[in-house]
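Note that the protein sequences, when read in sequence, are chains A and B. No gaps in the numbering here: position 132 of the first sequence is 136 in the numbering used here, and each next residue is one more. No gaps in the numbering here: position 180 of the second sequence is 165 in the numbering used here, and each next residue is one more. All C-beta atoms in this analysis are idealised placements derived from N, C-alpha and C, irrespective of residue type, glycine included. Note that the coordinates shown come from a computational prediction; the quantities given were computed from them, not determined experimentally.
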Amino acid sequence: MRNRSQARVLLATCILTLAGLALAATQWQMQPKQSTLTFIGKQAGAEFEGVFEKFTADIKFDPKDLAGSRFDVQIDMNSVNSRDGERDTTIKSADLFNVKRWPTGHYVADKFVDRGAGKFSATGKLTLRDVTREVPIEFTFETKGGATWLKGTANLKRLDFGIGQGEWKDTATVANEVKIRFALLLR
Amino acid sequence: MQVMNDDRRYGAVAQLFHWAIVALIIVQFILANRADDLPLGPAKIATLALHKSFGMTIFALAILRLLWRLMNRVPTMPLNTPGWQRIAAHISHGALYALIMITPLFGWLMSSARNFPVSWFGLFTFPDLVQPNKPLYDFFHEAHETLATTLLVLAIAHALAALKHHFLDRDNVLRRMLPLKLKSDGRL
């Protein structure tokens, strides 16, 4: 009798686990080599682009199960590359990213909305330095020729996160607005 | 004053091009030196942004000025000018025209090579000419400074020659680039 009830419990556990797996949105593996995280800043009226070379994205996403979807992105702030060494050193310094104190940026999104025509939006919390703010993103999720791409944009204000202390609080030369663009290859 | 040049003097448009470019070049040296002394910060970015905006203005004025020159007569040199001076004048004028175009062009190239795109007073942004590349930036930077120094030396020689004509030869060479009446003693 005891064996039988144990077997039942085991079976029930298995069924529940399987059901849970089926319900949870697909777990994707981001391909770091092909994926990009770009920022576009504006200095003295001219836009310039930079990237974060190192970041990881834990993507659970299924267009049919938005409730079970979740993005969790970790950004290595030290990996910033604006294609100018002096500017990168400045961006990493205490008045801007302060990578010594806050080496990692973090973004978590778990509220998704289907905008139709393959477009989605999400609201998530972005942490840069020691400030956490809500930042909405818009993205597309497309599988073409066997490759699944998650591509989107966001806009944020650097001063909301304290990126710009002292003289860098000035927005006349370096704009407050920063555009973010991402393209993640998922497998 | 006449708009076009004639054999004796430069017209208003040519004079305006000449003196506007002179003034802007002086401003450029002041801004460049000021920026060199600043650490990377908003003040340096703002100073260089102004330098780049004026530089692109010089570039555009230089092209228009060259076109204007091609549409106009060029006043003749004084009849008694020795051959070597004629040659020296032609070479230095040619070099000055080349430098007021090539120096800004190299500034634009160095900005592109460092991924600091060139905006014109924040109103629009010029396209990048090359991909960001450190060795290329170092080359264009060096070249831009060498060209600027050459321009400065030649411009000073050019100005001294004009002053020599004015005060020693007492001819019309300087007057004809200024809104002044020409001396009518028969000498050009």
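Among the CB atoms of chain A, none fall inside 8 Å of the CB of T42 of chain B. Counting only the Cα atoms, Q47 of chain A lies some 51 Å from L153 of chain B. A distance below 8 Å between beta-carbons, with the five flanking residues on each side excluded, links G122 of chain A to the following residues of its chain, in chain order: T144, F145, E146. Looking only at B:S104, B:L55, B:A142, B:H151, the smallest Cα-Cα distance to A73 of chain B is reached by B:A142. With 16 or more neighbouring CB atoms inside 10 Å of its own CB, S97 of chain B falls in the buried class. In the structure shown, G54 of chain A falls within a strand segment according to DSSP collapsed to helix, strand and coil. Put simply, the backbone Cα of R191 of chain A is about 13 Å away from that of D66 of chain A.
For the pair F101 of chain A and V77 of chain A, the CB atoms are not nearer than the 8 Å cut-off. Counting only Cβ-Cβ distances below 8 Å, W153 of chain A has no contacts in chain B at all, with the closest Cβ about 24 Å away. For L25 of chain B, the nearest beta carbon of chain A is closer than 8 Å to its own beta carbon.
Around the beta-carbon of Q33 of chain A, fewer than 16 other beta-carbon atoms lie within 10 Å, marking it exposed. Per the C-alpha coordinates, the member of B:M(-14), B:R19, B:K37, B:L51 positioned closest to H3 of chain B is B:L51. Under the Cβ distance rule, S83 of chain A does not count among the residues neighbouring chain B, no pair being separated by less than 8 Å.
V103 of chain B reaches chain A at A50, counting residues in chain order whose Cβ is nearer than 8 Å. Chain order gives the chain B residues near Q47 of chain A as I30, A34, F101, where near means a beta carbon separation below 8 Å. Residues of the region 117 to 145 of chain B that bring their beta carbon within less than 9 Å of a beta carbon in chain A comprise P117, N118, K119, Y122, in sequence order. Uninterrupted beta strand (DSSP E) stretches at least 3 residues long and entirely within the region 131 to 158 of chain B do not occur. M34 of chain A is bridged by DSSP to A:L190. For S73 of chain A, not one C-beta of chain B is nearer than 8 Å to its own C-beta. Under the criterion of beta carbons closer than 8 Å, M81 of chain A and G45 of chain A do not qualify as touching, at roughly 15 Å. Look at G92 of chain B: its C-beta is not under 8 Å from any C-beta on chain A. Pairing L136 of chain B with L84 of chain B gives a Cβ-Cβ distance under 8 Å. At a cut-off of 8 Å, the C-beta of G107 of chain B has a neighbouring C-beta in chain A.
Sequence-distant Cβ neighbours of D118 of chain A in its own chain, meaning closer than 8 Å and more than five residues away, are P67, L70, F124.
Counting along the chain, A176 of chain A sits inside no beta strand (DSSP E), nor does DSSP assign it H or E at all. A distance below 8 Å separates the beta carbons of F186 of chain A and K155 of chain A.
Rounded to whole angstroms, A17 of chain B and T127 of chain A show a C-alpha spacing of 45 Å.
For a Cβ distance threshold of 9 Å, residue set R99, N100, F101, P117, K119, Y122 of chain B lies close to D88 of chain A, ordered along the chain.
In the structure shown, D76 of chain A adopts extended strand secondary structure according to DSSP, grouped into three states.
Only those residues of the region 165 to 178 of chain A whose C-beta falls short of 8 Å from the nearest C-beta of chain B are listed: E171, W172, D174, A176, T177, V178. Between N(-10) of chain B and N57 of chain B, the C-beta gap is smaller than 8 Å, which places the two residues in contact.
Here DSSP, grouped into helix, strand and coil, assigns Q(-13) of chain B to coil. Contacts with chain B at 8 Å (Cβ-Cβ) do not include R185 of chain A.
The DSSP assignment places no complete beta strand (DSSP E) segment of no fewer than 3 residues inside the region 77 to 101 of chain A. Every alpha helix (DSSP H) of 4 residues or more that sits fully in the region 8 to 96 of chain B is shown, in chain order, as 27 to 56. Nearest Cα to R162 of chain A within the set A:A179, A:W153, A:F75: A:A179.
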